[in-house]
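Q: Mind looking over this structure? Questions follow.
As structure tokens, then:
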């Protein structure tokens with residue numbers, strides 16, 4: 100493909116899960132949007148430019164925000180990258196606030212979910228109002244896991260032309276971010292007037308990095324349900340993580356762990372293990388097709404002092420949304436964007 104002919108490229112954005120750490124990819128994407136505006140004009144927003152966006156959990160929320168339509172111009176994006184990040188900075192400390200009654204009633208998160216979902220639902224309703232999945236401005240894929248049917252569920256704008264697969268976007272965002280132990284399962288209900296609410300939890304339980312799911316969806320019907328598939332050679336992917344905490348354990352430390360001992364480390368292992376595996380798979384696929392430079396993965400390690408990512412006092416927990424910690428997550432994202440500035444600029448220049 101001629102890098103100067105970008106009309107044939109199918110531009111796919113994928114965003115990992117990670118709770119309040121969504122501030123990190125949200126910050127990197129502010130820089131991406133700035134680069135795109137320099138190239139195409141100041142009125143451009145991320146949602147206007149990418150052909151397909153995929154997200155899990157916090158990445159699913161960002162996907163909904165980037166693709167929400169402008170009421171005054173429904174074919175265009177309502178929110179800028181800066182607007183999307185403001186949901187976290189303005190509401191994060193309320194969403195992840197644990198009042199004393201919630202701590203007591205949940206047994207400090209042991210016998211019930213750690214957080215009341217009302218603040219999350221309120222913030223999503225404020226931003227997404229009554230927008231339907233079918234009204235998002237571009238095809239998308241947002242992950243969840245249906246506990247009743249015991250299988251993954253993919254919320255897709257391009258399938259939502261059928262009311263059986265159409266939902267209020269705020270309900271989709273709530274479902275994809277219903278992290279086990281953090282929030283109770285969501286009960287999204289489709290808009291076909293047939294009662295079918297079912298419990299759904301965070302898609303991070305099976306696809307914290309949704310890039311492989313997004314690639315398959317793009318190959319099969321990425322241009323929409325009626326327009327069909329996209330060949331791999333035409334796909335370019337920008338995949339964003341929410342930071343990696345490289346824990347390590349000795350045999351002595353873990354050999355006697357029971358259920359209680361494994362709960363916390365296992366969550367991190369599942370999230371990071373899936374993300375790393377998917378990254379390896381995508382690199383392998385694109386390298387095998389001779390298109391290795393059409394896939395760019397951006398993520399950072401929280402303790403990486405060599406690249407300025409060891410932000411003093413930063414807590415990488417998915418739910419530490421204190422004002423100070425959110426400021427440090429923003430700083431981490433800014434440093435990550437700076438570290439990858441040349442790669443991002445080349446990717447934008449060549450493929451976006």
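Numbering (my numbering), first residue to last: 100 to 451.
Heads up, the beta-carbon is just placed ideally off N, CA and C, and yes, glycines get one too.
Everything numeric in this text was worked out from a predicted model, so none of it was measured.
Taking only the alpha-carbon atoms, compute the straight-line gap between residue 199 and residue 220 and give it to the nearest angstrom.
A: Here the model assigns residue 199 a pLDDT of 42, short of 50, so the residue's position is not dependable, and the following value carries that caveat. Counting only the Cα atoms, residue 220 lies some 20 Å from residue 199.
Q: So the candidates are 151, 412, 331 and 406; which of them puts its Cα closest to the Cα of residue 254?
A: 151
Q: Compare the C-alpha of residue 381 against each of 355, 338, 348 and 407 and name the closest.
A: Nearest of 355, 338, 348 and 407 to residue 381, Cα basis: 338.
Q: How should residue 177 be labelled, buried or exposed, when 16 other C-beta atoms within 10 angstroms of its C-beta is the threshold for buried?
A: buried
Q: Are the beta-carbon atoms of residue 162 and residue 245 separated by less than 7 Å?
A: no
Q: Suppose you measure from the CA of residue 206 to the CA of residue 279; what does that come to, to the nearest Å?
A: Residue confidence for residue 206 is low, a pLDDT of 47 falling below 50, so the modelled location carries little weight; the figure read from the coordinates is stated next. So the alpha carbons of these two residues sit roughly 15 Å apart.
Q: Since residue 254 sits in a beta bridge, which residues does DSSP pair it with?
A: 241
Q: What number of angstroms, rounded off, separates the C-alpha of residue 239 from the C-alpha of residue 438?
A: 28 Å
Q: For residue 401, which residues from the same chain have a beta carbon less than 6 Å from its beta carbon, with the 5 sequence-adjacent residues on both sides left out?
A: 342, 344 and 415
Q: Quick one, are the C-beta atoms of residue 330 and residue 291 less than 7 Å apart?
A: No.
Q: Check residue 208 in the structure and name its three-state DSSP category.
A: Low confidence applies here, because residue 208 scores a pLDDT of 47, under 50, leaving its location unreliable; read the following figure in that light. In this structure, residue 208 counts as coil in the three-state DSSP scheme.
Q: According to DSSP, residue 334 sits in a beta bridge with which residue or residues?
A: 109.
Q: Quick one: what's residue 281 bridged to in DSSP?
A: In DSSP, residue 281 forms no bridge with anything.
Q: Mind checking whether residue 268 and residue 315 have CB atoms under 7 Å apart?
A: no
Q: According to DSSP, simplified to helix, strand and coil, what is residue 301?
A: strand
Q: Could you say which of 119, 305, 443 and 346 lies nearest to residue 403 if we only look at CA atoms?
A: Of the candidates 119, 305, 443 and 346, the residue whose Cα lies closest to the Cα of residue 403 is 346.
Q: Classify residue 276: buried if its beta carbon has 16 or more other beta carbons within 10 angstroms, exposed otherwise.
A: buried
Q: Could you give the first and the last residue of the continuous alpha helix (DSSP H) run that contains residue 154?
A: Unbroken run through residue 154 is the beta strand (DSSP E), 151-154; no alpha helix (DSSP H).
Q: Nearest CA to the CA of residue 173: which residue from 251, 234, 153 and 393?
A: 234
Q: Please tell me whether residue 274 and residue 285 are closer than 7 Å, where the distance is taken between their beta carbons.
A: yes
Q: Rank 241, 158 and 247 by C-alpha distance to the C-alpha of residue 266 and give the top, closest one.
A: 241
Q: Whole angstroms is fine: what's the gap from residue 117's alpha carbon to residue 307's?
A: 8 Å
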